[in-house]
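Participant: Got a structure for you, written out below as C-alpha cells; questions coming shortly.
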Amino acid sequence: MGYDIILPAIPFIGGYALTYSLYKMDIIKRSIHINVWNLIILLAFIISGGAGFLLLIFMELGIKMPINQPLLYWHVELGVTLALVTIFHVHTYWKSARTMFLAAKRRSKNKT
Amino acid sequence: MSGACALSCPYGLTCTAPGQCPRYVDSGGDGICDLGQPTTSSSSAESTSYDNSDSSSSASQDPTDTSSVSSGSVNNSSDTNASAVADQGNSIDNGSLPDEPQYFTIPVSMLIIGLYLITHFLFSKGILSRQKHRRIWNLLITVGMAGSGITGILLILFINLSIKTALNPSVTFWHVELSILMVIGTIIHLHLYRKPFRNMFRVLFGVKNFKVFKKPVSILVVVIVISMAVVSGQYLSSVDGDDTSKLNGISSNNSTSNQYQDSLNKSTSSVQSTSSDVTYDTTGVVQDTTTTTTTSSGGKGKNKS
C-alpha cells in the first residue's frame, strides 16, 4: 500500500490559485482569502498532527488497535496537505515572515 | 518469546508490500511484513522442535538459514556446539530487523512548554519585546515544520520506492522529534496570534465572541502539572519494575546457571541424550535469555524517564 503525494496536492494547489486570483481580481476580500486558508491549515494540522500524536502515544504505551491503520494513512495524506498549505501560509504572510530571517537594520538598509 | 514481543509491529498492523511505514521488513519474501506476523517465530520453533525429536544433528545443519527463524529454545540439543550455532543464527535474524527506537515525547514537550513559559514571563515583565518573542517562536515553528515536512516526504519516498538505507531509523526518529516541536510550536503559535485566530471565526462564520479559554496561561500551568504527575508516575513505576526485575534476574540467574551446569555435565556424559534432557536444557536457556532482556528493558525505562 503506497501513499499518494501528487493526487491529494492537486485540489489544494488549484484551490489556492483560485482564491488568490479571485482576491487579486477584487472579487473577494483579502481577509476571506487568508482566513479560508488559515482554516484549512488548522483542519489539516488537527487531523495530521492529532493522528500522529495519538499514534505516538499508542506506540509508547504499547496499545494496538484496529484504528491504527486508518490513523496512519490519514496522518500521512494530510501531512502532505499540511506541508503544502504551510508553504501557502508562508506565502500569505511573506512580509512578516521575512522579518524572521532578516534583522531590522538590514531590512532598512535594503530599502534605502 | 521475548524476541517475538520486541520485534512485533508497533502499530499492530499486518502490511502488504511496500508497507505503510519505514519499518517494513520482508525477509521471507511472502509480500507481508515480518513484524506483523507474530506467529512465525512460534511456528518455526514448533517445526524445528519436531526436527529435534527426529534427529539431534538436524538443527545444526543450517546455521545461517534465515528463512527458518530459530528461537533460543530451538537448538538446545545435547550438543553444546549446536546451541552456540543457534545463538549466532538468532543474532543474525535479530540484526536484520530494526530495533524499536525510543521517542522522547514527554521530555521534549515539557522542554518546549517550559521554554515558552520562560519567554512569556520575560515578555510580560518587559525584558523581551513582543517582536523578539514572536520571532523566536516563529523561527522554532519554522524549524519544526521544515524538518518534519522534509523528513516526512523522505519517508514517503522511502516507503513508495521501497528504499532501504541505514538512515531510515534516524530519519523516522528525527521526523517524530521535529513533529513534536511542530505540534507544540503550533499550539504556542495559536496562543501568540490568538486575536487573529478569533478573528478568523468572526470573518468566516460570523461568531463574535469566540472564547475557548479565559486564562490560557493558567490552563497551560494545569496541563504542565498533570503531565509532570504522569511523568513522575511512569518513572516511579519503571524504577519499581527495575528493582523487581533485577531481583528476579539475580535469583533466576543463579538457578539457571546451576541447571545449565548440570545439563552440560549430562550432555558430555551421554552425547545421544534423551528427550527429557533436551527439555531441561531448553528451559534453562530460555530463562537465561528472558532475564537478560528484562534487565535491558529496565535500563530503557530509565532512559525514557
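Chains as they are written, first to last, in our numbering: chain A, 1 to 112; chain B, 113 to 417.
Just so you know, even glycine gets a beta-carbon here, dropped at the ideal spot from N, CA and C.
Out of B:Leu251, B:Ile218 and B:Phe233, which one is the CA nearest neighbour of A:Thr99?
Facilitator: In the first sequence, residue 99 of chain A corresponds to position 99, counting from 1. When only C-alpha atoms are compared, the closest one is B:Leu251.
Participant: Give me, in chain order, the residues of the same chain whose beta-carbon lies closer than 7 Å to that of B:Thr217; leave out the 5 immediate sequence neighbours on both sides.
Facilitator: By one-based count along the second sequence, residue 217 of chain B stands at place 105. Result list for B:Thr217: Ile292, in chain order.
Participant: Under 8 Å by Cβ, that's how I've got A:Ala44 and A:Val85 pegged, so tell me the actual separation to the nearest angstrom.
Facilitator: Locating residue 44 of chain A in the first sequence gives position 44, where the first residue counts as 1. Locating residue 85 of chain A in the first sequence gives position 85, where the first residue counts as 1. Confirmed, Cβ separation roughly 6 Å.
Participant: Using a Cβ-Cβ distance cut-off of 9 Å, determine whether B:Val283 contacts chain A.
Facilitator: Your numbering for residue 283 of chain B matches position 171 in the second sequence. Cβ-Cβ to chain A under 9 Å: no for B:Val283.
Participant: Hey, B:Cys121 and B:Gly148 are a contact pair by Cβ (cut 8 Å); roughly how many whole angstroms apart?
Facilitator: For the purposes of this step, residue 121 of chain B is taken as residue 9 along the second sequence, with counting starting at 1. For the purposes of this step, residue 148 of chain B is taken as residue 36 along the second sequence, with counting starting at 1. With 8 Å as the limit, B:Cys121 and B:Gly148 qualify as a contact, their Cβ atoms being about 5 Å apart.
Participant: B:Asn280 CB to nearest chain A CB: under 9 Å?
Facilitator: Within the second sequence, numbered from 1, the residue matching residue 280 of chain B stands at position 168. So no, B:Asn280 is outside the interface.
Participant: Helix, strand or coil for B:Ile144 per DSSP?
Facilitator: One-based indexing of the second sequence puts residue 144 of chain B at position 32. In this structure, B:Ile144 counts as strand in the three-state DSSP scheme.
Participant: Counting only Cβ-Cβ distances shorter than 8 Å, please list the residues of the segment 46-58 of chain A near chain B, keeping chain order.
Facilitator: From the segment 46-58 of chain A, only Gly49, Gly52, Phe53, Leu55, Leu56, Ile57 and Phe58 have a Cβ closer than 8 Å to chain B.
Participant: Below 6 Å CB to CB, which residues in the same chain sit around B:Leu126 once its five sequence neighbours on both sides are set aside?
Facilitator: Within the second sequence, numbered from 1, the residue matching residue 126 of chain B stands at position 14. Here residue 126 of chain B is Thr; the residue named in the question, Leu, does not match the sequence. Gly148, listed in sequence order.
Participant: For A:Leu78, count neighbouring C-beta atoms within 10 Å of its own C-beta (all shown protein chains included) and say buried if the count is 16 or more, exposed if not.
Facilitator: As a first step, residue 78 of chain A must be located in the first sequence, where it is residue number 78. Label assigned to A:Leu78: buried.
Participant: Rounded to whole angstroms, what is the Cα-Cα separation between B:Phe313 and B:Thr128?
Facilitator: In the second sequence, the residue the question calls residue 313 of chain B occupies position 201. In the second sequence, the residue the question calls residue 128 of chain B occupies position 16. Cα to Cα, B:Phe313 sits roughly 43 Å from B:Thr128.
Participant: In this structure, does DSSP put B:Thr128 in helix, strand or coil?
Facilitator: One-based indexing of the second sequence puts residue 128 of chain B at position 16. In the structure shown, B:Thr128 sits in a strand (DSSP, three-state: E or B).
Participant: Can you find the residues in the same chain that come closer than 8 Å, C-beta to C-beta, to B:Thr231, ignoring five residues on each side of it along the sequence?
Facilitator: Locating residue 231 of chain B in the second sequence gives position 119, where the first residue counts as 1. Contacts found: Leu240, His245, Ile248 and Trp249.
Participant: Can a CB atom of chain A be found closer than 9 Å to the CB of B:Val295?
Facilitator: Counting from one through the second sequence, the residue named residue 295 of chain B turns up at place 183. Yes - at least one Cβ of chain A is within 9 Å of the one on B:Val295.
Participant: Show which residues of chain A have a CB atom less than 7 Å away from the CB atom of B:Met257.
Facilitator: On the second sequence, position 145 is the one that residue 257 of chain B refers to. The contacting residues are Thr86.
Participant: Using the beta-carbon count (16 or more within 10 Å), is A:Leu18 buried or exposed?
Facilitator: Working through the first sequence from its first residue, we reach residue 18 of chain A at position 18. Classification for A:Leu18: exposed.
Participant: What span of residues does the alpha helix (DSSP H) with A:Tyr20 cover, start to end?
Facilitator: Residue mapping note: residue 20 of chain A aligns to position 20 of the first sequence, counting from 1. Residues Ile6 to Lys24.
Participant: Compare the C-beta of A:Tyr23 with all C-beta atoms of chain B and state if any pair is closer than 9 Å.
Facilitator: If you number the first sequence from 1, residue 23 of chain A lands on position 23. False, the Cβ-Cβ gap to chain B never drops below 9 Å.
Participant: Locate the alpha helix (DSSP H) running through A:Tyr93, then write down its first and last residues.
Facilitator: Within the first sequence, the letter at position 93 stands for residue 93 of chain A. Per DSSP, A:Tyr93 belongs to no alpha helix (DSSP H) and is neither H nor E.
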